[in-house]
Amino acid sequence: MHPESGLRSAGWFARQDMAGFVARGWLKNQGHPDQMFNGRPVIGIANTWSDLNPCNASLRILAEQVKRGVYEAGGLPLEFPVLSLGETLMKPTTMLYRNLASMEVEETLRANPLDGVVLLTGCDKTTPACLMGACSVDLPTLVLTSGPMLNGKFRGRDIGSGTDVYRFTAELRAGTMSQTEYLEAEGAISRSEGHCMTMGTASTMACMVEALGLTLPSGAAVPAADSRRRRLGHLAGNRIVAMVREDLRLSRILTRRAFENAIKVNAAIGGSTNFVVHLLAIAGRIGVPLSLEDFDRLGSHLPLLANLMPSGQYLMEDFFYAGGLPALIAELGEELDQGALTVTGRTLAENNAGAQCYNREVIASRDQPIKRAAGIAVLRGNLCPDGAIIKPSAASPHLMKHRGRAVVFADIEDYHARLDDPGLDVDESCVLVLKGIGPRGFPGMPEAGKLNLPRKLLEKGVRDMVCISDGRMSGTAYGTIVLHVAPEAAVGGPLALVQDGDFIELDVAARRLHLDLPEAELARRRQTWEPPAPRQERGYARLYTDHVLQADRGADLDFLVGGSGSQVYREYR
Ligand code: FES
237 MHPESGLRSA GWFARQDMAG FVARGWLKNQ GHPDQMFNGR PVIGIANTWS
287 DLNPCNASLR ILAEQVKRGV YEAGGLPLEF PVLSLGETLM KPTTMLYRNL
337 ASMEVEETLR ANPLDGVVLL TGCDKTTPAC LMGACSVDLP TLVLTSGPML
387 NGKFRGRDIG SGTDVYRFTA ELRAGTMSQT EYLEAEGAIS RSEGHCMTMG
437 TASTMACMVE ALGLTLPSGA AVPAADSRRR RLGHLAGNRI VAMVREDLRL
487 SRILTRRAFE NAIKVNAAIG GSTNFVVHLL AIAGRIGVPL SLEDFDRLGS
537 HLPLLANLMP SGQYLMEDFF YAGGLPALIA ELGEELDQGA LTVTGRTLAE
587 NNAGAQCYNR EVIASRDQPI KRAAGIAVLR GNLCPDGAII KPSAASPHLM
637 KHRGRAVVFA DIEDYHARLD DPGLDVDESC VLVLKGIGPR GFPGMPEAGK
687 LNLPRKLLEK GVRDMVCISD GRMSGTAYGT IVLHVAPEAA VGGPLALVQD
737 GDFIELDVAA RRLHLDLPEA ELARRRQTWE PPAPRQERGY ARLYTDHVLQ
787 ADRGADLDFL VGGSGSQVYR EYR
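Take the numbering used here: the final residue in the sequence shown is number 809, and no numbers are missing along the way.
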């Protein structure tokens, strides 16, 4: 035994008393011989695999690859399950459970004899959830995502997760696509294991962790079905053991410079708006100051380089073949802090030295970008005193400055009940407003912010209108959509006061979202406003509702912000 190893796990395994007997003895039922407890790093493999989460279904295989790498490097791998948040099946919304999964990861890491951890993630919320939890413990940590699916193929063309589902659904509602064609597309879109292959939230999160320096280089884009991802798993296992020996903790990598790099990369890839709320929460856990304004100031002037849906045409498989994130990071050059430290123990520049772009259609140069100034814009105004966001690269240029009459839906049920009512007083110049889908109001801030357009307008050929809500939208969605309005309606934000017929002004260039009403009228309405009753009286949803922060603070639970380190609180043996 090696109490002098300095390893955290020695507190369990190096003891010669009853506690040591119990810690080692019971694990031996898995066939681990004595030499597994001789002071070797113990590596947790936090696995979000689940049959209920198709995007993460390949993580069982990856976990085995990681284990091989850990053993080879002289560590002891111990895999454990994490609540898996499957975007396509979970109700009411995975975002409600992101913080719960983060708590599970945090407490599991702290409570067990782990020296380092590999986070196996994939579907949208699984990456930020695991990372948030890991930040609050601050062990050496490496992230490995499941990887994107292969391109969807439908009737001779490539189709993308989410993005084309929205398109097909609009065509179906407009009567320009048959139900038979719709069903055929359903069977053609998910052709392999892996997560959504558009630049949706899962791909955005995968790029985020690579830009933060938390994955091995190229980790974001290697397709799930490509054997190179399995090799990444093996190498991740090798590397995490070395990270423990180097005491390369999360807090050494997740510095302010890493967060700034991630914001800039997100702008260049046309990443999901969900990036904002997740990065704010991660920064809060690791103790790096980050504000909504940072996203606009650091990213909005940057060009769009990745030509990927929903902002562009291609998919993650194409992105990988074109050089992936290493090529894009190299293209951004001095825009990034290339000296930032990563999990390899080397800098971002060292990791990506020699990276090349093999297809300028997919990864554009800075001289000839896909779009100029495409990063997320942060709006302010009397409708969103604590901010709101819009993704200009996915919006319609002709709506970026717009004044329109509000058509207001009180909540998601009201929206579904009245949207297609032929009597709804709406035309394409109106602004659709949906209240009650914020963190507290829904609860859980669902991806309901990309509103379907009224059927009668779709039939006229309208495909985009200004939509405003306190919710989020899928990273695969597109349109002129104002999201994350803070404070949300359910806590009495000005959004709660908007009524049918009010006029709203959106001016993205001026970063302005304005409700055109005299302050006296707003004050009058505020006096009669009453908060909605909580949707859930008990259980986790009640805890969440009582403690969730607003979108501009990452929608974390107030008592989870920050960290407690890896120290066990108390021992009794
Ligand atoms: Fe899981 Fe899109 S549904 S990544």
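Glycine included, every Cβ here is placed at the ideal spot set by N, Cα and C.
Output yes if chain D places a C-beta closer than 8 Å to the C-beta of residue 421; else output no.
Considering every chain present, this structure includes no chain D. It has just one protein chain.
Taking all protein chains shown into account, do 16 or more other C-beta atoms lie within 10 angstroms of the C-beta of residue 331, making it buried, or fewer, making it exposed?
Taking the first residue of the sequence shown as 1, we reach residue 331 at position 95. Looking at its Cβ environment, which holds 16 or more other Cβ atoms inside 10 Å, residue 331 is buried.
Residues bridged to residue 253 [DSSP beta-bridge criterion]
By 1-based counting over the sequence shown, the position of residue 253 is 17. Partner(s): none; residue 253 has no beta bridge.
Selection from 737, 755, 245 and 312 that minimises the alpha carbon distance to residue 662:
The count along the sequence shown starts at 1 and reaches residue 662 at position 426. With distances taken between Cα atoms, residue 662 lies closest to 737.
Residue 786 classed as buried or exposed, judged by whether at least 16 other C-beta atoms fall within 10 angstroms
By 1-based counting over the sequence shown, the position of residue 786 is 550. Classification of residue 786: buried, given that the 10 Å Cβ count is 16 or more.
Look at residue 746 and residue 620 and say whether their C-beta atoms are less than 8 Å apart.
Within the sequence shown, the letter at position 510 stands for residue 746. Within the sequence shown, the letter at position 384 stands for residue 620. No, the Cβ-Cβ distance between residue 746 and residue 620 is not below 8 Å.
For residue 770, I'd like the list of residues in its chain whose CB is within less than 6 Å of its CB, leaving aside the five on either flank, ordered along the chain.
Here residue 770 is taken as the residue at index 534 of the sequence shown, counted from 1. The answer, listed in chain order, is 781.
Verify the contact flag: residue 323, CB atom, against every heavy atom of the ligand FES, threshold strictly below 7 Å.
Walking along the sequence shown from the start, residue 323 turns up at place 87. Result yes, Cβ under 7 Å from the ligand FES.
Anticipated Cβ contact below 8 Å, residue 397 with residue 388, distance rounded:
For the purposes of this step, residue 397 is taken as residue 161 along the sequence shown, with counting starting at 1. For the purposes of this step, residue 388 is taken as residue 152 along the sequence shown, with counting starting at 1. Right, the Cβ-Cβ distance comes to about 7 Å (below 8 Å), so this counts as a contact.
Could you tell me the distance, in whole angstroms, from the CA atom of residue 475 to the CA atom of residue 590?
By one-based count along the sequence shown, residue 475 stands at place 239. By one-based count along the sequence shown, residue 590 stands at place 354. Roughly 21 Å separates the two Cα atoms.
Regarding residue 253 and the ligand FES, is the C-beta to nearest heavy atom distance less than 7 Å?
Here residue 253 corresponds to residue number 17 of the sequence shown, with the count starting at 1. Not under cutoff, so the answer is no.
Helix, strand or coil at residue 678 according to DSSP, with G and I counted as helix
Against the sequence shown, residue 678 aligns to sequence position 442. Residue 678: coil per DSSP, three-state reduction.
Measure the alpha-carbon distance for residue 573 versus residue 447 and round it to whole angstroms.
Taking the first residue of the sequence shown as 1, we reach residue 573 at position 337. Taking the first residue of the sequence shown as 1, we reach residue 447 at position 211. Near 10 Å, if we compare the C-alpha coordinates of residue 447 and residue 573.
Nearest-angstrom Cα separation, counted from residue 486 out to residue 237:
On the sequence shown, residue 237 is found 1 positions in, with the first residue counted as 1. On the sequence shown, residue 486 is found 250 positions in, with the first residue counted as 1. Unreliable positioning characterises residue 237 in this predicted model, as indicated by a pLDDT of 40, which lies under 50. A coordinate reading is not provided.
With 16 other Cβ atoms within 10 Å as the buried cut-off, status of residue 287
By 1-based counting over the sequence shown, the position of residue 287 is 51. Counting Cβ neighbours within 10 Å, residue 287 comes out exposed, since fewer than 16 surround it.
Runs of beta strand (DSSP E) lying entirely within the region 624 to 695, each at least 3 residues, in chain order
624 to 626, 637 to 645 and 667 to 670
Am I right that residue 599 and residue 558 are in contact with their C-beta atoms under 8 Å? What's the rounded C-beta distance?
Locating residue 599 in the sequence shown gives position 363, counting from the first residue. Locating residue 558 in the sequence shown gives position 322, counting from the first residue. About 5 Å; that satisfies the 8 Å criterion.
Residue 397: CB within 7 Å of a non-hydrogen atom of the ligand FES:
Stepping through the sequence shown from its first residue, residue 397 is reached at position 161. Result yes, Cβ under 7 Å from the ligand FES.
Taking residue 670 and residue 689 to be in contact with their CB atoms under 8 Å, please state how far apart those CB atoms are, rounded to whole angstroms.
Along the sequence shown, one-based indexing puts residue 670 at 434. Along the sequence shown, one-based indexing puts residue 689 at 453. Not confirmed; about 13 Å, so no contact.
Regarding residue 400 and the ligand FES, is the C-beta to nearest heavy atom distance less than 7 Å?
As a working note, residue 400 is residue 164 in the sequence shown. Not so, every heavy atom of the ligand FES lies at least 7 Å from the Cβ.
Answer yes or no: the CB of residue 436 versus the heavy atoms of the ligand FES, is any distance below 7 Å?
Sequence index remark: in the sequence shown, residue 436 carries index 200 (1-based). For the ligand FES, at least one heavy atom lies less than 7 Å from the Cβ of residue 436.
Which two residues bound the contiguous alpha helix (DSSP H) that contains residue 273?
Taking the first residue of the sequence shown as position 1, residue 273 is located at position 37. No alpha helix (DSSP H) contains residue 273, which DSSP labels as neither H nor E.
Would you check if the region 346 to 359 and the region 372 to 389 touch, i.e. whether three or more CB-CB distances between them fall below 8 Å?
yes
Out of 676, 691, 707 and 700, point me to the one whose CA is closest to residue 683's CA.
For the purposes of this step, residue 683 is taken as the residue at position 447 of the sequence shown. Comparing Cα positions, the closest option is 707.
Any non-hydrogen atom of the ligand PLP closer than 7 Å to residue 620 Cβ:
Absence of the ligand PLP is noted for the structure shown, with the ligand FES being the only ligands found.
Relative to the C-alpha of residue 763, which candidate in 732, 791, 742 and 792 has its C-alpha closest?
Translated into positions along the sequence shown, residue 763 becomes position 527. Minimum Cα distance to residue 763 is reached at 732.
How is residue 719 classed by DSSP in three states: helix, strand or coil?
As a working note, residue 719 is residue 483 in the sequence shown. Three-state DSSP puts residue 719 in a strand.
With a threshold of 16 other CB atoms inside 10 Å of the CB of residue 414, please say whether the residue is buried or exposed.
Mapped onto the sequence shown, residue 414 falls at position 178. The residue in question, residue 414, is exposed, as its Cβ has fewer than 16 Cβ neighbours within 10 Å.
Heavy atom of the ligand FES less than 7 Å from the Cβ of residue 366, yes or no?
The residue you call residue 366 lines up with position 130 of the sequence shown. Incorrect: residue 366 has no Cβ contact closer than 7 Å to the ligand FES.
In this structure, does DSSP put residue 795 in helix, strand or coil?
Locating residue 795 in the sequence shown gives position 559, where the first residue counts as 1. Three-state result, residue 795: helix.
Is it buried or exposed, residue 713, if we count other Cβ atoms within 10 angstroms and call 16 or more buried?
Taking the first residue of the sequence shown as position 1, residue 713 is located at position 477. Answer is buried; the Cβ neighbour count reaches 16.
Any heavy atom of the ligand FES within a distance shorter than 7 Å of the CB on residue 431?
As a working note, residue 431 is residue 195 in the sequence shown. True, at least one ligand heavy atom lies under 7 Å from that Cβ.
Quick one: residues in its chain with C-beta nearer than 8 Å to the C-beta of residue 310, no 5 flanking neighbours on either side, listed in chain order?
Position 74 of the sequence shown, counted from the start, is the residue given in the question as residue 310. Same-chain partners within the cutoff: 276, 277 and 477.
DSSP three-state call for residue 237: helix, strand or coil?
For this step, residue 237 is matched to residue 1 along the sequence shown. With a pLDDT of 40 at residue 237, under the threshold of 50, the modelled position of that residue is not reliable, and the figure given next carries that caveat. Reduced to three states, the DSSP call for residue 237 is coil.
Beta-carbon separation of residue 281 and residue 351 under 8 Å?
Here residue 281 refers to the residue found at position 45 of the sequence shown. Here residue 351 refers to the residue found at position 115 of the sequence shown. No; because the gap between Cβ atoms is not below 8 Å, this pair is not in contact.
Can you tell me whether residue 291 sits near the ligand FES, meaning its C-beta is under 7 Å from at least one heavy atom of the ligand?
Residue mapping note: residue 291 aligns to position 55 of the sequence shown, counting from 1. Under cutoff, so the answer is yes.
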